[in-house]
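A short worksheet on the structure shown next.
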Amino acid sequence: MKVRKAVFPAAGLGTRFLPATKAQPKEMLPLVDKPIIQYGVEEAMAAGCDQIIIVTGRGKTAIEDHFDTSYELERMLEDRKKTDLLKIVRQISDMIHVAYVRQKEALGLGHAVFTARELVDDEPFAVLLADDVIDADVPCLKQLMSVFEKTQCSVLATQIVEGPGISAYGVMKAKPVEGSGGKLFEVLDLVEKPKPQEAPSNLAVIGRYILTPTVFATLAETQAGAGGELQLTDGLRALLKREKVYGYVFEGKRHDTGDKLGFLKATVEFALKRPDLGEPLRQYLKGLQL
321 MKVRKAVFPA AGLGTRFLPA TKAQPKEMLP LVDKPIIQYG VEEAMAAGCD
371 QIIIVTGRGK TAIEDHFDTS YELERMLEDR KKTDLLKIVR QISDMIHVAY
421 VRQKEALGLG HAVFTARELV DDEPFAVLLA DDVIDADVPC LKQLMSVFEK
471 TQCSVLATQI VEGPGISAYG VMKAKPVEGS GGKLFEVLDL VEKPKPQEAP
521 SNLAVIGRYI LTPTVFATLA ETQAGAGGEL QLTDGLRALL KREKVYGYVF
571 EGKRHDTGDK LGFLKATVEF ALKRPDLGEP LRQYLKGLQL
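At position 193 of the sequence shown the residue is numbered 513 (this note's numbering), and the sequence of numbers has no breaks.
Following this line, the structure appears as structure tokens:
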């Protein structure tokens, strides 16, 4: 089985970035000069996905507009001979086939994924959380696909988190797969945001998943938890009873752009890599009185 479809849950309210997100989706906040969600879409494309499914909610039309054709803007750029900008704008709208499904209430990540079931149909699919922007030579999702092609089982992106920070993540209880050099693990159980002393390991689940369609059946049978939210972790725990699930320690640097400090750090690091911005920004930072 090949993974062709990528699901982006994007119905959250983005309250951590208020007031900036009062009238625009947090997924559209610019990381340098590109919306956060576009980094994930480009990663999915680079991994071989040709169908993008974005789960949206009220107030998210800016996402749809961003990936749509803007005739007025293109004509203005064409008339003014701004060919470089015109090329950038057209690349966005020509990028991929995008479908949208509405999540009427923000009832948890599991519910968002379940909302996409009819568009995904009976085939394996990827889930990408736009907040997690991963800078890697080989796209993180492509690394997971390499594992999926060999195992034909669900694969979760994983990173090692030491200390009390582990309590901010879903955490795997897992056993290493022989011959993987400590990179691949068979998942035995999952715990959502455990206390540091109760965490079953230091293997945190990050916002990249490849899932088999069986997860829709387990999510349908899973009871909603606190606040009426259906958690993906609970659906994955049920999936473990039906088939194997693997965790893969990916190579690359993950930026949590859903956190204000993480967003600022990512902005600086991505800007420093830009040939047009890197050196001037580096000189500016050196001159700061810190």
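The beta carbon of each residue, even a glycine, is placed where N, CA and C say it ideally should be.
Since this is a predicted model, take the numbers as computed values, not measurements.
CB contact flag (residue i, residue j, <8 Å)
i	j	result
Thr478	Met465	no
Asp451	Ile526	no
Ile480	Leu523	yes
Tyr420	Glu363	no
Leu448	Phe590	no
Ala330	Pro345	yes
Ala446	Val375	no
Cys473	Arg528	no
Arg336	Lys606	no
Leu351	Gly548	no
Residue i to residue j span [Cα, whole Å]
i	j	result
Pro496	Val475	14 Å
Thr534	Met365	24 Å
Arg378	Gln603	42 Å
Gln543	Leu550	7 Å
Gln625	Glu347	No answer is possible for residue 625: it lies beyond the span of the chain, which begins at 321 and ends at 610.
Arg594	Gly368	25 Å
Gly555	Thr538	5 Å
Gly582	Leu510	25 Å
Val418	Phe387	8 Å
Lys585	Gly578	12 Å
Ile372	Gly485	32 Å
Lys573	Val588	14 Å
Thr341	Thr381	13 Å
Gly545	Gly430	11 Å
Asp576	Arg395	36 Å
Tyr443	Val323	Here residue 443 is Glu; the residue named in the question, Tyr, does not match the sequence. The straight-line gap from Cα to Cα measures roughly 8 Å.
Leu397	Leu601	28 Å
Arg400	Lys407	13 Å
Asp404	Leu608	33 Å
Glu438	Leu610	53 Å
Leu349	Pro355	5 Å
Ala494	Gly567	8 Å
Leu592	Gly483	29 Å
Pro339	Thr553	30 Å
Tyr359	Pro516	31 Å
Residue closest to residue i, alpha-carbon to alpha-carbon, out of the options
i	options	result
Val361	Val467, Lys462, Phe590	Lys462
Lys503	Ala343, Val588, Val569, Ala488	Val569
Leu531	Gly499, Lys354, Phe434, Lys513	Phe434
Ala488	Glu518, Pro329, Lys325, Leu351	Glu518
Asp596	Lys342, Asp353, Asp388	Asp353
Val565	Leu508, Gln423, Lys573, Gly607	Leu508
Lys618	Ala494, Ser521, Gly490	The first residue shown for the chain is 321 and the last is 610, placing residue 618 beyond what the model contains.
Glu541	Arg528, Ala343, Arg562, Ser521	Arg562
Phe468	Ala436, Glu506, Ala558	Glu506
Leu333	Glu425, Lys407, Asp442, Lys515	Glu425
Val440	Glu498, Leu427, Phe536, Thr403	Phe536
Asp457	Met321, Gly598, Glu571, Thr403	Glu571
Residue(s) in a DSSP beta bridge with residue i
i	result
Asp452	Asp576
Leu504	Tyr568
Thr478	Val525, Val569
Arg422	Thr376
Asp509	Lys493
Ala446	Ala326, Ile530
His417	Gln371
Pro484	DSSP lists no partner for Pro484.
Lys561	Lys561 pairs with nothing; no bridge assigned.
Where residue i sits in the DSSP three-state scheme
i	result
Ala331	coil
Ala326	strand
Arg378	coil
Lys402	coil
Phe387	coil
Tyr529	strand
Met321	coil
Tyr359	helix
Ala494	strand
Pro345	coil
Ala543	Note that residue 543 is Gln in the sequence shown here, rather than Ala. The answer is coil: DSSP assigns Gln543 none of H, G, I, E or B.
Leu550	coil
Pro520	coil
Pro350	strand
Gly607	coil
Lys593	coil
Leu461	helix
Ala432	helix
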